[in-house]
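In this note's numbering, the protein residues as written are 117 to 250. Working notes for the structure below.
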Amino acid sequence: MLSINRVDGIYYQWARKMGINENMLALLYALSDGKTYTQKQISEEWLIPKTTINTVIKECINNGYIVLQHEPHTKQKVICLTDAGKKYTNDVLKAVKFAEIQAFSETQKKYAFEIAQVFEEFSNHLKDAYEKQK
């Protein structure tokens, strides 16, 4: 728990250093893979309340970073980065992703290359345990 909290805290501090909040950082990070997502998908995958995601999205729309587009055959709208949004996202995440690469590289010197998969599996099992206790 301490290690996870420290990681969360580092991302929080990084977001503040960039002049944004941690939810904006999470949204930009989610969208940085070039795929489109709905607000519901971001909320569920990143465990951020829908109202919070909606607030961050409105801010991004006002800044010209994203647009919402209707998805065929559904009420959902997909979130799409504009060209300005792609540039902004790259600017915000450049140092973060570089630091992640360095941290993983250093970690992999001592541990196996599967560290990301192990952490993902741990988080999935923890979520399953939480769901069973609901």
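Yeah, the Cβ is synthetic: ideal placement off N, Cα and C, and Gly gets one too.
Residue environment, residue i, which counts as buried when at least 16 other CB atoms sit within 10 Å
i	result
Leu147	buried
Val212	buried
Leu118	exposed
Ile120	exposed
Residue i to residue j span [Cα, whole Å]
i	j	result
Tyr127	Thr152	23 Å
Glu236	Lys243	11 Å
Asn206	Ala245	36 Å
Glu247	Lys226	34 Å
Ser159	Ser239	16 Å
Ala131	Arg122	14 Å
Ala228	Ala219	13 Å
Lys210	Asn178	23 Å
Glu175	Asn139	11 Å
Ser221	Asp199	31 Å
His189	Gln157	17 Å
Lys203	His241	36 Å
Glu161	Glu187	19 Å
Asp149	Lys250	32 Å
Phe214	Gly180	26 Å
8 Å contact criterion, which residue i and residue j should meet: CB distance rounded
i	j	result
Ile217	Gln224	About 10 Å; that fails the 8 Å criterion.
Lys193	Gln185	6 Å
Ile195	Gln233	Contact doesn't hold; Cβ gap of about 27 Å is too wide.
Ile173	Gly201	Rounded, the Cβ-Cβ distance is 11 Å, inconsistent with contact.
Ile136	Val208	7 Å
Contact with chain D by residue i, beta-carbon distance below 7 Å
i	result
Gln155	In summary, chain D is missing from the structure at hand, where a single protein chain is found.
| said: So, does the stretch 165-180 touch the stretch 127-144, judging by three or more C-beta pairs under 8 Å? | reply: yes
| message | In chain order, what are the residue ranges of uninterrupted alpha helix (DSSP H) at least 4 long that sit wholly in the stretch 128-207? | response | Taking only runs of at least 4 residues, the alpha helix (DSSP H) segments lying wholly in the stretch 128-207 are 138-147, 155-162, 166-178.
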